[in-house]
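Residue numbers (UniProt numbering): 1 to 271.
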Amino acid sequence: MEVNQNVVHATVGGGPHPSYTSEYTGSFDNYPPTEIYMESSERTPLLPSSRSSTSETPSAASLSPAIYTKECINWRTIGLLLMFISGLVLATYLLWQQTSALPYKGYKLNLIRHDIWSGAYLHDLAQLEADKVVNVFITHTGSEECSENCASLLHSLQRKHFGELPFNFLMAGDCETYEARGWRYVSSFAELPQSSSLVLAFVGEFSQWLPSVCQLQMAQALLWESQRRLKLQPGYRLYAVRNVSRSVWDADALHRQLKRWPFYAGQLEVK
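Written as structure tokens, this is what we have:
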């Protein structure tokens, strides 16, 4: 091949290449030589250029960052998903553990709703915020006891208070729990933190002897149910309330019993 400045002369024919092997039995010598004229500036798209192929073919080094980035994104997504699931499982377990801090002993809560037994009007009272209720105060009514017709006894106590009783719930001797202000409205004890407290009362006078077994069980079932309904926060504080205007020994027997209960935090005196 002869290469001038402007023209390339390529001779084709004149015999096969020594390394060429073919089943053709004829002779290439019979074909006249052919000359191809190609300008130096002319491009030959049919002839691959080693330079262009090198630049156009992506190397493994140029592809590897993209592949690496994609793999990193996938692993990060999986890691974040696993962390989210683990956090959700842990939060559920902690909530279950806290709400079951007071062991459920199978006590059945017989709850008499306010609208069934009481005609007192409540709608103008301040309301409790369930996520702030962290205190439980327990006392007694200091009245006579009842084992039947307890609603009649509670009606007479309402007349003495000129309206609804100051408690949230009352546990009576008929093994029923009566909703007074319930989980919705605050108690009327000025000495207590009303907006963050539930006030429970045993119907009767328990300075010398304890309430009945079913009354104690109703109180424990009510505490458990309050937590289950998220009306009482886990890890609450339980206080015994003594009305010193009655006696310095007011509800003394009840207080000794409450000291054995979970979350007992002490005694509070009111007048």
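Here a beta-carbon is modelled for each residue, glycine too, at the ideal position from N, C-alpha and C.
This structure is a prediction, so every number in the text was calculated from the model and none was measured.
Top-ranked residue by Cα proximity to residue i, from the options
i: Glu129; options: Trp183, Arg113, Tyr239, Cys214; result: Trp183
i: Leu216; options: Leu81, Thr92, Tyr107, Leu238; result: Tyr107
i: Tyr236; options: Ser245, Ser226, Ala251; result: Ser226
i: Pro234; options: Phe169, Gln267, Ser245, Asn135; result: Asn135
i: Tyr178; options: Arg113, Val270, Ala253; result: Arg113
i: Gln127; options: Ser197, Pro211, Ser86; result: Ser197
i: Arg256; options: Val270, Pro262, Val203, Ala240; result: Ala240
Residues bridged to residue i (per DSSP)
i: Val203; result: Paired residues: none, contrary to the question.
i: Gly266; result: Tyr239
i: Thr177; result: Leu111, Met171
i: Leu128; result: In the DSSP output, where bridge partners are listed per residue, Leu128 has none listed.
i: Leu198; result: Val136
Per-residue DSSP class, three states only, for residue i
i: Phe162; result: coil
i: Tyr93; result: helix
i: Leu216; result: helix
i: Gly14; result: Interpretation of Gly14 is limited by its pLDDT of 48, a score under 50 that renders its predicted location unreliable; the figure taken from the coordinates is listed afterwards. Here Gly14 sits in coil by DSSP.
i: Leu154; result: helix
i: Trp261; result: coil
Buried or exposed by the 16-neighbour rule on C-beta atoms within 10 Å, applied to residue i
i: Met171; result: buried
i: Leu154; result: buried
i: Arg242; result: buried
i: Arg181; result: buried
i: Leu90; result: exposed
Residue span of the beta strand (DSSP E) that contains residue i, given as start and end
i: His140; result: 135 to 140
i: Leu170; result: 169 to 171
N-terminal and C-terminal residue of the alpha helix (DSSP H) that residue i is part of
i: His123; result: It is not in any alpha helix (DSSP H) - His123 carries neither H nor E in the DSSP assignment.
i: Leu192; result: No alpha helix (DSSP H) contains Leu192, which DSSP labels as neither H nor E.
i: Arg256; result: 252 to 258
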